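Mapping to this note's numbering: the first sequence position 422 is 413, numbers consecutive. Below is one structure; the comments refer to it alone.
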Amino acid sequence: MFDIKWIRANAEAFDAAVSRRKNVSVRSSDLLAIDDRRREIIVRLNEAQEKRNALSKQIGQAKAQKDEAKAQELMAEVSRLKDFIPTGEAEERAVEAELRAALSVIPNLALDDVPQGDDESDNVEYFGANGTAETAARQRPAKPSFSFAPKEHYEIGVAEKDMDFEVAAKLSGSRFVVLKGQIARLERAIGQFMLDLHTTEHGYLEVQPPLLVRDDALFGTNQLPKFEEDLFFTPHGDSRLALIPTAEVPLTNMVRESILSEEELPLRFAALTPCFRSEAGSAGRDTRGMLRQHQFDKVEMVSITTAETSIDEHERMLACAETVLQRLGLHYRVMMLCTGDMGFGARKTYDLEVWLPGQDTYREISSVSVCGDFQARRMEARYRPSGEKQAPRYVHTLNGSGTAVGRCLIAVLENYQQEDGSVLIPEALQPYMGGLTSIGGK
RNA sequence: GGAGAGAUGGCCGAGUGGUCGAAGGCGCACGCCUGGAAAGUGUGUAGGCGGGGAACCGUCUCGAGGGUUCGAAUCCCUCUCUCUCCGCCA
């Protein structure tokens, strides 16, 4: 969410930057018009309150001096002028709500190095801050080669038996899956491996958050008010709770409505949780297999930083996510999303796309975004700079998947499949699989 | 689910209708003291909004929202959360 004072001071820059984003027609002049009305009512209200307060203080003094006649006279005077105050207060609340509503549906502005574009076809491959295609290729696992036609994950022998969409449909309908036996264990192993990697090697604090959250938390991380239809809700008393669409929501909101000290930053949280998405807008897309589900596991990373360090933290977080795929020996590429493909709250986003030989294509497995102070302003999350006395500033927030567990399971199955329908277990996962080196063999 | 108690600044905690944005303490900042530190000591130390070039001024905020009143941290109502006891329960 934007600071109206910043928009007032930087109206042209705001208009130029906001016009880079897709489907956004708002102009600074619309917002400033609301703000002008807001300031006008505040001035009038403050003047009335000032008079009322001054007179009330005199009444107190008159009563203390037992000057009842004077007190009565003053009280009559206050009664006359205070008619305006209740209506003025109501007017101020209304116009402030109007301004907030207008501001809360404006997406974040892209950083200067984000490519301009309409959709994913305008994303550009990214090789690291100082990297090239060559340096990236040395660091990233190679694309596997097959002596047979690799299958899609749900066609592979071991999955045909233990990845059960039919029974899931009986329980819950489409876009659910029941995993069984060694496939279920493999999914669990992948999640454990990733979470352990981030907590033991990358400095993230392991967190087990609630999976049900209130509307305020969803507003903080931008799911509300614009993307309500993507969520599952459950009634709760007279209100409701949402199933988290990503652990970004609880992890980021852990710092909401607080003032941290600069010394505590950066805060780094990681969690392995189920995620729930209605997929309202994607009917008919990716219906086969478990690529796009209503429920899936994901390891999420969240960093809370100062304003100065968020860009560096973004590169660091990308590297943390990449390490997962490198350890698993999975080929991937990194895309910098263009302005048209970025999420609502992001200033810049990198997607990790893992190679799926069965589909013969790259598919998103992780998304790493830096949001600046956009979410912090929605959450009222600030920090007090150290040293000389300074006013609190908004923190910067970042989030990234590290990575999606379900999609990683797909990638392991497809990349490590054998002709006989069995699947080799990557070395990094073997300790989590009781030492097994393959599953689904005869 | 029933009964009761509570929510005050970065933290702890006093304050039951007026001069209270709020005692005191802790923490923090800057000074004094010291060879240096600790201790001691002095001063300062909430946030939002509006006005102003600035110094500064005004206003709002004592969990949230309403109400009573000339005036509310204090009284009333609703809600949220926390704690204690009882019940139920993985």
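Ideal Cβ placement from N, Cα and C applies to all residues, glycine included. None of these values were measured; they are calculated from a predicted model.
Item, Value
"Bridge partner(s) assigned by DSSP for leucine 170", "Met154"
"When Arg12, Thr190, Asp27 and Glu59 are compared against aspartate 110, the one with the closest alpha-carbon", "Arg12"
"Inter-stretch contact at 8 Å, needing at least 3 Cβ pairs: the region 362 to 373 / the region 337 to 349", "yes"
"C-alpha distance - leucine 162 paired with isoleucine 235, whole-angstrom precision", "21 Å"
"Sufficient close CB pairs (3 or more, under 8 Å) joining the region 197 to 216 to the region 341 to 358", "no"
"Boundaries of the beta strand (DSSP E) in which arginine 324 is found, first to last residue", "323 to 327"
"Reduced DSSP secondary structure (H/G/I, E/B, other) of serine 360", "strand"
"Identity of the residue in Glu291, Ile295, Val293 and Ala274 nearest histidine 285 by Cα", "Ala274"
"Inter-residue Cα distance where the pair is valine 149 and leucine 427", "14 Å"
"Where the alpha helix (DSSP H) containing lysine 61 begins and where it ends", "59 to 72"
"Phenylalanine 139 classed as buried or exposed, judged by whether at least 16 other C-beta atoms fall within 10 angstroms", "exposed"
"Exposure label - aspartate 27; buried when at least 16 CB within 10 Å", "exposed"
"Runs of alpha helix (DSSP H) wholly within the region 92 to 170 (minimum 4 residues, chain order)", "124 to 130, 148 to 153 and 156 to 163"
"Helix, strand or coil at phenylalanine 5 [DSSP, three-state]", "helix"
"Contained alpha helix (DSSP H) runs [length at least 4] in the region 200 to 239, N- to C-terminal order", "206 to 211"
"Residue from Cys311, Ile(-2) and Arg30 with nearest C-alpha to valine 17", "Ile(-2)"
"Check whether proline 257 and serine 294 have beta carbons under 8 Å apart", "yes"
"Inter-stretch contact (C-beta, 8 Å, three-pair minimum) for the region 67 to 75 and the region 35 to 50", "yes"
"Proximity to methionine 245 [Cα-Cα], best of Met370, Pro265 and His193", "Met370"
"Helix, strand or coil at asparagine 14 [DSSP, three-state]", "coil"
"Three-state class that DSSP yields for leucine 23 in the structure shown", "helix"
"Distance, glutamate 219 Cα to glutamate 255 Cα", "33 Å"
"Residue span of the alpha helix (DSSP H) that contains threonine 314, given as start and end", "301 to 318"
"First and last residue of the uninterrupted alpha helix (DSSP H) at alanine 271", "Unbroken run through alanine 271: none, as it is neither H nor E."
"Proximity to phenylalanine 210 [Cα-Cα], best of Glu239, Leu188 and Thr190", "Glu239"
"Residues bridged to asparagine 390 (per DSSP)", "Val293 and Ser360"
"Any non-hydrogen atom of the ligand MG closer than 7 Å to alanine 133 Cβ", "In terms of ligand content, the structure shown is empty, and the ligand MG therefore cannot be addressed."
"Opposing strand residues paired with glutamate 31 [DSSP bridges]", "Answer is none; glutamate 31 lacks a bridge partner."
"Boundaries of the beta strand (DSSP E) in which valine 345 is found, first to last residue", "339 to 347"
"Valine 325 beta carbon less than 8 Å from that of glutamate 116", "yes"
"Classification of histidine 227 by the beta-carbon crowding that lies within 10 angstroms, buried from 16 upward", "exposed"
"C-beta contact flag for leucine 177 and methionine 424 at 8 Å", "yes"
"Of the listed residues Gln130, Ile250 and Ile25, nearest to arginine 91 (C-alpha basis)", "Ile25"
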